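Under the numbering used here, the first residue of the sequence shown carries the number 139, and numbering increases by one thereafter.
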Amino acid sequence: KGPVHYDVDSFLWQAKANFPEGLRDELIKTYIASLKKYREVDEAEFIEKLRLFVLFRTLQVLGAYGFRGYFEKKPHFIQSIPFALNNLRELLKGGFDEYPYLTGMLNEMVGLKQFADTQKRELEVRVFSFAYKKGIPNDVSGNGGGYVFDCRAINNPGKYERFSHFTGLDEEVIKFLEEDGEMELFLDNIYPLVDSHVKRYMERNFTSLMVSFGCTGGQHRSVYAAQRMAEHISKKFGIKVSLVHREQNLEQEFRKK
């Protein structure tokens, strides 16, 4: 029970859902059509009241995100604030003449410098190589991790003494892995999977994706694979890519092109 606007508001204006306006309008029409089977509905009145529900629901969400994020130090909620502000910014374009003071205050809030870039949020992909015996890398973004690919089934240069002082960045190891062929097949299967997520994350204005490659010692196979993946993403999408070879204490950044 309760207002019929609440469920559609809560679903279609989820902060990180980022529904396109056209899809949102289509789903609202579908909701109204279904509702008409049970009661009379004035569509214009429904839409007008829905705007008010969205406004106050968004303010409620921002209050919760602010408290859980800034006071309880939970990164997931901090990351959701810009998305909720974008919803509010779009909503304010329609005006709320009956609430002049509130409208003025909210327009000032979404125009603050610390929120000025929320419509231009860009994806950063973080790529890691690591040793399984030292654990999977932590996801500092608060999203709980991303892709983790196990390189240990691939022929290991580490079995051979002549490669013991080299890493997956050295020509000797690169030549071994590429001539062996297993690594190329491994990466060729992974590229399309990661590419599809990078593309979708960019479309939905997500800001963080993590891709990790692990092997026994974090020295040869995972280093080579992570390096190749970072270079591939940078070249294909032109976005910022941060690369960390954790066990080698090496970091590299591919700047947005």
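Using N, Cα and C, we set each Cβ at its ideal position, and we do this for glycine too.
Nothing here was measured: the structure is a model prediction, and the numbers come from that model.
Suppose the cutoff is 6 Å on Cβ atoms and the five residues either side in sequence are ignored; what does the same chain contact list for residue i look like?
{"i": "Leu388", "result": "none"}
{"i": "Pro141", "result": "none"}
{"i": "Met340", "result": "Leu261"}
{"i": "Lys271", "result": "none"}
{"i": "Gln390", "result": "Leu381"}
Look at the Cβ atom of residue i, then the Cβ atom of residue j, and state whether they are nearer than 8 Å.
{"i": "Glu320", "j": "Asn293", "result": "yes"}
{"i": "Ala153", "j": "Asn225", "result": "yes"}
{"i": "Thr420", "j": "Leu250", "result": "Any answer about residue 420 is impossible in this case: the structure gives the chain only from 139 up to 395."}
{"i": "Leu347", "j": "Val263", "result": "yes"}
{"i": "Pro275", "j": "Arg384", "result": "yes"}
{"i": "Ser334", "j": "Ser267", "result": "no"}
{"i": "Phe287", "j": "Ile328", "result": "yes"}
{"i": "Arg290", "j": "Cys353", "result": "yes"}
{"i": "Asp235", "j": "Val192", "result": "no"}
{"i": "Arg189", "j": "Gly232", "result": "yes"}
{"i": "Val332", "j": "Tyr298", "result": "no"}
{"i": "Ser372", "j": "Val382", "result": "no"}
{"i": "Phe215", "j": "Arg206", "result": "yes"}
Report back the beta-carbon spacing between residue i and residue j to the nearest angstrom; my notes put them in contact at under 8 Å.
{"i": "Ala368", "j": "Val265", "result": "4 Å"}
{"i": "Leu261", "j": "Ile377", "result": "5 Å"}
{"i": "Arg342", "j": "Asn156", "result": "5 Å"}
{"i": "Val349", "j": "Phe375", "result": "Incorrect: roughly 13 Å between the Cβ atoms, too far for contact."}
{"i": "Gly296", "j": "Gln357", "result": "6 Å"}
Spatial neighbours of residue i within its chain, please: C-beta separation below 7 Å, excluding the five flanking residues on both sides.
{"i": "Gln198", "result": "none"}
{"i": "Tyr362", "result": "Gly306, Val311, Ile312, Leu315, Met321"}
{"i": "Lys187", "result": "His143"}
{"i": "Ser218", "result": "Ala153, Lys154, Tyr203"}
{"i": "Glu181", "result": "Ile170"}
{"i": "Leu165", "result": "Leu150"}
{"i": "Glu162", "result": "Residue 162 is actually Arg in this sequence, not Glu. For Arg162, where only same-chain residues beyond five positions count, the Cβ hits under 7 Å are Leu150."}
{"i": "His370", "result": "Tyr329"}
Let me know if residue i comes out buried or exposed under the rule of 16 or more other beta-carbons within 10 Å of its beta-carbon.
{"i": "Gly273", "result": "exposed"}
{"i": "Ala222", "result": "buried"}
{"i": "Ala364", "result": "buried"}
{"i": "Tyr169", "result": "buried"}
{"i": "Pro220", "result": "buried"}
{"i": "Ser302", "result": "exposed"}
{"i": "Leu325", "result": "buried"}
{"i": "Leu323", "result": "exposed"}
{"i": "Phe344", "result": "buried"}
{"i": "Phe351", "result": "buried"}
Apart from the five residues on each side of it in sequence, which residues of its chain come closer than 8 Å, Cβ to Cβ, to residue i?
{"i": "Arg195", "result": "Tyr144, Asp147, Ser148, Trp151"}
Kindly say whether residue i, judged by its beta-carbon, lies nearer than 8 Å to any beta-carbon of chain D.
{"i": "Ala364", "result": "In summary, chain D is missing from the structure at hand, where a single protein chain is found."}
Task: Runs of alpha helix (DSSP H) lying entirely within the segment 287-320, each at least 4 residues, in chain order - done: Listed in chain order, the complete alpha helix (DSSP H) runs (minimum 4 residues) inside the segment 287-320 are 309-318.
Task: Contiguous alpha helix (DSSP H) assignments of at least 4 residues, all confined to the segment 340-394 - done: Those alpha helix (DSSP H) runs which fall completely within the segment 340-394 and span 4+ residues are 359-375.
Task: Segments assigned alpha helix (DSSP H), at least 4 residues, entirely inside the segment 158-230 - done: Every alpha helix (DSSP H) stretch that sits fully inside the segment 158-230 and reaches 4 residues is listed by chain position as 159-173, 181-204, 213-230.
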